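Residue numbers (this note's numbering), protein chains in the order written: chain A, 1 to 563; chain B, 1 to 563.
Okay, structure first, notes after.
2 protein chains.
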Amino acid sequence: MTRMVNSPADFVKEALEGFASAQTRAVAVTGAGMARATRCPAGQVAVISGGGSGHFPAFAGWVGPGFLHGAVCGNIFSSPSEAQILAVSRAADNGGGILFAPINYQGDILHFGAAAEVLRSEGIDVRMRAVTDDIVSGTSEQHLQRRGIAGAFIVHKIAGAAAEEGLSLDEVERVFVKANAATRSFGVAFGACTLPGADDPLFVVPEGRMAVGLGIHGEPGIDEVDVTTADSATDILMDGLFAERAPAAGQRVAVLVNGLGGTKYDELAVVYRRVAQRLVAVGMTPVTPVVGELVTSLDMEGFSVTLTYLDDELERLWLAPADIVSFSRGQVAPGELRTAPVAGLGESVGEIPPASEASQALAQALAGIAGKVAAAMAAAEKLLGDIDAVAGDGDHGVGMNKGAGAAAVAAQTAAEKGAGLGTTLSAAGHAWSDIAGGTSGALWGAGLVAAGQSLGDEQDLSAAALAAAATAYRDTVLERGGASVGEKTMVDALVPFVDTLLAELAAGDVSGAWKAAAAAANAAAEQTAEYGATRGRAKLHGDRSVGTPDPGAKSFAMVVGAV
Amino acid sequence: MTRMVNSPADFVKEALEGFASAQTRAVAVTGAGMARATRCPAGQVAVISGGGSGHFPAFAGWVGPGFLHGAVCGNIFSSPSEAQILAVSRAADNGGGILFAPINYQGDILHFGAAAEVLRSEGIDVRMRAVTDDIVSGTSEQHLQRRGIAGAFIVHKIAGAAAEEGLSLDEVERVFVKANAATRSFGVAFGACTLPGADDPLFVVPEGRMAVGLGIHGEPGIDEVDVTTADSATDILMDGLFAERAPAAGQRVAVLVNGLGGTKYDELAVVYRRVAQRLVAVGMTPVTPVVGELVTSLDMEGFSVTLTYLDDELERLWLAPADIVSFSRGQVAPGELRTAPVAGLGESVGEIPPASEASQALAQALAGIAGKVAAAMAAAEKLLGDIDAVAGDGDHGVGMNKGAGAAAVAAQTAAEKGAGLGTTLSAAGHAWSDIAGGTSGALWGAGLVAAGQSLGDEQDLSAAALAAAATAYRDTVLERGGASVGEKTMVDALVPFVDTLLAELAAGDVSGAWKAAAAAANAAAEQTAEYGATRGRAKLHGDRSVGTPDPGAKSFAMVVGAV
């Protein structure tokens, strides 16, 4: 299981700090992922992948000469954010266009796709192609809809080599498409990993049994059979791969036998021995196979076999030099180290729009308020975590603390640079969603950004302006989150807060209106503890959450109470 | 646990076959271990280590430019034999003397010591120095009596670099002694591995507890404490290392954070982050640290931290280029691949002899035929096992499948390297006997080698040449096996096969002759089912084998039928 953890919320961040400080091939893009430590020739296509963390050396360890130019690192098994993808892209871009090469999971496709749109709007040519090698997750007719697993190692290696050769973006994309079309993987698992901070594995495969076709996160497989011998287990995979594409005498193939973390090297070697026998028996030739842990799932027990049917071009690129942590081949050209620091998440200096003096003064005041909110959330972390643990996964306190803390730093930075109130509040919102993660982080971020845009950087804080901003916040959260009052969410406190604020603001007393609204939010949050078992999440989870307030409603009330 | 096992008895052998066929840096010394795939300059000191298997990449994966010259691979956690050490030494020796560099365990010291005596008696200068880095296993005054653990990675890397620089044996030994004196490790474990074939781990650490100072095989530690945070666990190790040798501002250190197999990469990175913080806090500088799985214990959960206090010489050697599986650094000089096969246990060294073009073409054809035979034996494994189970131990199908598979791989390899027909057939024979085991494996191997020697690498495949080769095969099997026709063995099919082949070849039709001979073999094999209980093995085994053909005769007929 995963034991060496300080705080589960900080696990990925701390691991990336460790990887970055120990690695020589890649440098950290703070809060976002990795970029190459060496400069690339101007105009070289940048191949960028990424996804959830927990798969090391994929993807943070795949950055280096002859392989990836950048890797975006989300939370454990969770898609990285659009902001993270943009930060890595800006650090990795060489002016030759970018190939986004995620492995095929919906969240990754959505976020990489959104980031691609942003970059294209800035004039950068960005293509996106996904790895779809897992033969279990769809029919062969729909190969491009399958999910991606360990075969990404071969496809990315080949695409990285194509970029290193100086091929154009069109050509690198063509090579990637060809490599993916030639690549098939099939895996088995004996047991799942435990997430950092968890006491039990994600799922259990019965002892002595083997789940056939299980994905790298434990997605359902196609069969469950007895564990017998290494050879018979391997034969199941080889038979499946040969059924997908008939073996062809004389065909040369790249081979990867990949361990998920808990199935170790000697076992993988025993498996490879059988793979080689099966290939040779049908007249096929393995070309410099790779046997090891290249795409893990923390300590998950299991392995997969990947075959890539090579033509001359793919073989040349498969054999080309590469140098990443845990894998190297041939002689890479000596590279010059970067001298300029890499901009991390939220560190790329945006333009600060002009602002009125009054708005700049309000921004300074907001920075002070954001600091108070951050202090309140730090103090409330344990309380919020405890009430979230009753019905949820217990991470709400951590998320609010991280989000409010990041927002305070961002607000301070923006205000110091002369930003107005709207830009400062938007900066706080961006930082909150980038750092906090999770659904509440996304909602707080989007709401604050909408409120900031409503306020702008010129006007004073009139009652009308505050009412419009609060309305923008509420409407954004309602639209993004999709929840209604009574479902025991943040919305149960938010809507009474805004209702009260608007009513009281009509009387013209901004400070008094806020206090009354905050009191209404707190009363409504406490009331969520009394909802019966027929409502919202309480219904889904039986009556486990009855008797405790909703953590999102409670934390909302605490934030507005701290202002 | 360790699950991907065919037979526990064959696990190490099969794993080494897999490692060897997947690796590009090292070649197998059959039955003994690994030697470099590249030639070394004449007179270069050879640094050889080894020990029990189950620690991959130590030691089989540490062979390559800038690192070890040879690795001897014993059974799981068991010392290799003197014969294995001698075989690896003869394959790795470059004429510059040998440094034996085991890690300090009694069995390894005894066997390496005995092998050193043998080599010295042959005029080879051999030194032996052990790695003794584990601070828990003895007092600092008795550093050289301590056991060796993961610090071997750093000490071997440095000694390998010294040899690569061309230093003399005296100098390489001096550098090794200095590196070992500068190296200290300290480890913890959360649980043990399971041995291949076992259902339970070697020992159990109570859940939530951490054994401090446990060795890599589960030797007793010094304490057991609660698992708390990654930082506090790391602090225990750093405090121990600093108590052993006081931290010194300005000191540069090589660092290894080594995972034992079940403590994964993200966790090791979180640990390294703390190690780096502790080093920086006392003014010490980590120099290109290594964080990963370099010395494992199958799937054991735990990790260690190693520090090597560097001087200028040690730092230069630590930073020197190296290229082994799972670890590389810098640019190694391009190496010329060996062309001579490596002598295995009990084999003699020989170059691939020159061959005529016709013979090389025949070798290519043989490689294809060997693939067909391997496929036929894979398909026949169950049938042969079943008929062998009537009178024997039921392993004949497995043996034939393994032997034919290994022979096919060997034939393919030899043919690709330009070997002629005779050398290719001999290579197939050696592989068959090395891999298949058992009596039939030994007979098939010896027979094929004799046939290969008869054919040579120059002549075309005339009727006379084929007749001579078949005769050589038959006579070798008769002589080695000691069986006669009628005793219900392989010989019952072999002799009629050769008789028919020789008679038909006199007519000059090679292909027709083979077909007729194969038919005769098959008829004779089937006839063995009719032998009465008074004959041969049937007599020994009562009447259990009456009614089924002899598996050896049957498999012989199937092999010649598949050609």
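For glycine and all other residues, C-beta sits at the position ideal for the given N, C-alpha and C.
Because the structure is a prediction, the values reported are computed rather than measured.
Check	Outcome
Give me the residue from B:Thr-423, B:Ile-48, B:Val-398 with the minimum Cα distance to Ala-410 (chain B).	B:Thr-423
Is the shortest distance between the beta-carbon of Gln-595 (chain A) and the beta-carbons of chain B less than 9 angstroms?	Here chain A covers residues 1 to 563 and nothing more, so residue 595 (chain A) does not appear.
Just verifying my parser: in three-state terms, what is the DSSP assignment at Val-349 (chain B)?	Since pLDDT at Val-349 (chain B) reaches only 37, below the 50 mark, its modelled position is unreliable, and the value read off the structure follows with that caveat. Val-349 (chain B): coil per DSSP, three-state reduction.
On the CB-based measure, 16 or more other CB atoms within 10 Å of its CB, does Gly-54 (chain A) come out buried or exposed?	buried
What separation, rounded to the nearest whole angstrom, lies between the Cα atoms of Gly-74 (chain B) and Asp-108 (chain B)?	9 angstroms
Buried or exposed: which applies to Gly-508 (chain A), given that a residue is buried once 16 or more other Cβ atoms fall within 10 Å of its Cβ?	exposed
So for Ile-103 (chain B), helix, strand or coil by DSSP?	strand
At which residue ranges does the region 405-481 of chain A contain complete alpha helix (DSSP H) runs of 4 or more residues, listed in the order of the chain?	421-436, 438-455, 463-481
I'd like the span of the beta strand (DSSP E) that includes Met-34 (chain B), first residue to last.	33-36
Find out if the Cβ-Cβ distance for the pair Val-172 (chain A), Ala-181 (chain A) is shorter than 9 angstroms.	no
Which same chain residues end up closer than 8 angstroms to Ala-233 (chain A) when comparing Cβ atoms and leaving out the 5 residues on each side of it in sequence?	Val-188, Met-210, Val-227, Val-271
Reducing DSSP to helix, strand and coil, say where Asp-93 (chain B) ends up.	coil
In this structure, does DSSP put Ser-555 (chain A) in helix, strand or coil?	helix
Using the rule of at least 16 other Cβ atoms within 10 Å of the residue's Cβ for burial, across every protein chain shown, is Ala-533 (chain B) buried or exposed?	Note on Ala-533 (chain B): pLDDT 46, under 50, position unreliable in the model; no value is reported.
Rounded C-beta distance between Gly-97 (chain B) and Leu-169 (chain B)? I'm assuming under 8 angstroms.	4 angstroms
How many Å lie between Leu-421 (chain B) and Gln-453 (chain B) at the Cα?	9 angstroms
Would you mind telling me which residues of chain B sit closer than 7 angstroms to Gly-283 (chain A), beta carbon to beta carbon, in chain order?	Gly-368, Gly-371
At what residues does the alpha helix (DSSP H) containing Asn-6 (chain B) begin and finish?	First-last for Asn-6 (chain B): undefined, no H or E at that position.
Note down, in chain order, each residue of its chain lying with its Cβ closer than 7 angstroms to the Cβ of Val-136 (chain B), except the 5 sequence neighbours on either side.	Phe-186, Gly-213, Gly-221, Ile-222
Report all residues from its chain with a CB closer than 7 angstroms to the CB of Phe-67 (chain B); omit the five preceding and five following residues, and keep chain order.	His-156, Lys-157, Gly-160, Ala-322, Ile-324
Kindly indicate if chain B contains any beta-carbon less than 9 angstroms away from that of Glu-267 (chain A).	yes
So within the region 227-283 of chain B, which uninterrupted alpha helix (DSSP H) runs reach at least 4 residues, ignoring any that extend past its ends?	230-244, 265-281
Quick one: which residues of the region 36-70 of chain B get their C-beta closer than 8 angstroms to a C-beta of chain A? List them in chain order.	Ser-53, Gly-54, Phe-56, Pro-57, Gly-61
So what's Gly-612 (chain A) in DSSP terms, helix, strand or just coil?	Because chain A spans 1 through 563 in this model, residue 612 (chain A) falls outside it and cannot be assessed.
Cβ closer than 7 angstroms: which chain A residues qualify as neighbours of Gly-107 (chain B)?	Here the premise fails: no neighbours, minimum Cβ distance about 19 angstroms.
I need the DSSP call for Phe-77 (chain A), collapsed to helix, strand or coil.	coil
Just list the residues that DSSP pairs Arg-209 (chain B) with in beta bridges.	B:Asp-226
Determine the extent of the alpha helix (DSSP H) in which Ser-21 (chain A) is found, giving its start and end residues.	11-22
Please say whether Ala-249 (chain B) and Tyr-309 (chain B) have beta carbons closer to each other than 9 angstroms?	no
Tell me, which residues are paired with Met-128 (chain B) by DSSP?	B:Phe-100
Look up Lys-539 (chain A) in the DSSP assignment and say whether it is helix, strand or coil.	Residue confidence is low: Lys-539 (chain A) scores 40 on pLDDT, short of 50, so the model does not pin down where it sits. Its coordinate-derived value is still stated next. Three-state DSSP puts Lys-539 (chain A) in a helix.
Around the Cβ of Pro-41 (chain A), are there at least 16 other Cβ atoms within 10 angstroms (buried) or fewer (exposed)?	exposed
Hey, quick one: how far does the alpha helix (DSSP H) through Ile-324 (chain B) stretch, first residue to last?	It is not in any alpha helix (DSSP H) - Ile-324 (chain B) instead sits in the beta strand (DSSP E) that spans 322-324.
Return the CA-CA distance between Phe-303 (chain B) and Val-332 (chain B), expressed in angstroms with no decimal places.	29 angstroms
Would you call Pro-566 (chain A) buried or exposed, if buried means 16 or more other Cβ atoms sit within 10 Å of its Cβ?	The first residue shown for chain A is 1 and the last is 563, placing residue 566 (chain A) beyond what the model contains.
Quick one, which of B:Asn-6, B:Ile-85, B:Thr-24 has its alpha-carbon nearest Thr-30 (chain B)'s?	B:Ile-85
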